[in-house]
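Trainee: Pasting in a structure now, in structure tokens, and then I'll have a few things to ask.
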Amino acid sequence: MTAPAVSWPRSREALALPLFFGLTFALSWTVWGFRIAETRGWTTLHLPQLLAFTALPTAALLTAALTGGRVAVLAWLARLGRWRVSPRWYALALLGLIPVGGLALGLFRLGGGNVPVGTGLTLAALPAFLLNETMFMLLTEESGWRGFALPRLLRRMSPLAAGLLLGGVWGLWHLPLFFIPGEAQALYSPAAFGLLILPTSVLLTALHLRSRGSVPVAALFHAAFDGMFVLLGVGHHPALMWWLVLVVWLAAAAVYALGGLRPTPQSAGGTRLFPAPPEGVAAR
40 MTAPAVSWPR SREALALPLF FGLTFALSWT VWGFRIAETR GWTTLHLPQL LAFTALPTAA
100 LLTAALTGGR VAVLAWLARL GRWRVSPRWY ALALLGLIPV GGLALGLFRL GGGNVPVGTG
160 LTLAALPAFL LNETMFMLLT EESGWRGFAL PRLLRRMSPL AAGLLLGGVW GLWHLPLFFI
220 PGEAQALYSP AAFGLLILPT SVLLTALHLR SRGSVPVAAL FHAAFDGMFV LLGVGHHPAL
280 MWWLVLVVWL AAAAVYALGG LRPTPQSAGG TRLFPAPPEG VAAR
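Residue 40 is where the sequence shown starts when you use my numbering, and the numbers rise one by one after that.
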């Protein structure tokens, strides 16, 4: 019996994720590889670090054009420009991490730890940090991870599996930064960082589903997470980072238990905390 032929457009789409991940890692790791070599005196060639982050939109745009043509490119750009979503998702992205960071800090201090909050980033400087970081993440990391990769993963697997898988890839992508002196990651425990990014990716997946795939919402959450991290000085206190790992896992578990990763029909009394995602998102 002859196997059914696979259409060329469908086969090209199947290559989208491997091509995107391959280009992203090749471009970013090349820049970081030269930076590592430069710090060790193996080369005098200096590549701006910004190039490593622009690898994500570059890879997303090229892959979309090659595998899906104009339709895929426009769909990607639409997610990047999807600002008009319910204000509650912006509020959740911006403020939802306050109890997470507060609980982690409280547990750390109950255990005898002490950290001067605001040393790395003051509250007065926080608004400017959030604005700059949101725009940076919108145009770099989130344009690729949640703007391009996550929608395609969601077509193949459950939201929980997609969030965890993308979190693993996202964490691995940061690996060279642990070997570059002066980079923030060089101060962190690789194990703690890896275990922290997995549930963070799950939380971002829930926001992606509820905000109709809005990359600006994801970028705001990413900026808020980084702001919390710097404000609390997590990177300078290994024990605090492990407490944060625990609390973020608990937050991800709570979101899953509340139905944040699956369609939830509207009740007679109105919309629930996590309403059903837009049509076209499969329930798993």
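Where is the CB? At the ideal position from N, CA and C, for every residue including glycine.
For clarity, every value in this text was computed on a predicted model and none was experimentally measured.
#1: Are LEU234 and VAL284 touching if we call contact CB-CB under 9 Å?
#2: Restricting to Cα atoms, I'd like to know which of LEU193, VAL287, GLN224 is closest to LEU237.
#3: Ends of the alpha helix (DSSP H) at MET174?
#4: Short check: CB of LEU58 to CB of THR97, under 9 Å?
#5: With DSSP run on the structure shown, which of helix, strand or coil describes TYR129?
#6: Among residues of its own chain, excluding the 5 on either side of GLU222, which ones have a beta-carbon nearer than 7 Å to its beta-carbon?
#7: Given this structure, state the Cα-to-Cα distance separating GLN88 from LEU56, to the nearest angstrom.
#8: For SER253, which three-state DSSP category applies?
#9: Assign ALA163 to one of two classes, buried (16 or more other C-beta atoms within 10 Å of its C-beta) or exposed (fewer than that).
#10: Tell whether a beta-carbon distance below 9 Å holds between PHE232 and THR102.
#11: Please report the distance separating the alpha-carbon of ALA117 from that of TRP68.
#12: Using the beta-carbon count (16 or more within 10 Å), is THR244 buried or exposed?
#13: Spatial neighbours of ALA53 within its chain, please: C-beta separation below 7 Å, excluding the five flanking residues on both sides.
#14: Which value, in whole angstroms, describes the spacing of the CA atoms of ALA65 and SER228?
#15: Are the beta-carbon atoms belonging to ARG185 and VAL254 less than 9 Å from one another?
#16: Can you give the Cα-Cα distance for GLY210 and GLU181, rounded to whole angstroms?
Mentor: On the basis of the coordinates in this document:
#1: yes
#2: It is VAL287.
#3: Note, MET174: alpha helix (DSSP H), 165-178.
#4: no
#5: helix
#6: LEU216
#7: Taking the straight line from one Cα to the other gives about 24 Å.
#8: coil
#9: exposed
#10: Taking 9 Å as the Cβ cut-off, PHE232 and THR102 do not qualify as a contacting pair.
#11: 28 Å
#12: buried
#13: Once the five neighbours on either side are set aside, ALA53 has no close Cβ partner at all.
#14: 24 Å
#15: VAL254 sits close to ARG185, with the two beta carbons spaced by under 9 Å.
#16: The alpha-carbon atoms of GLY210 and GLU181 are separated by roughly 14 Å.
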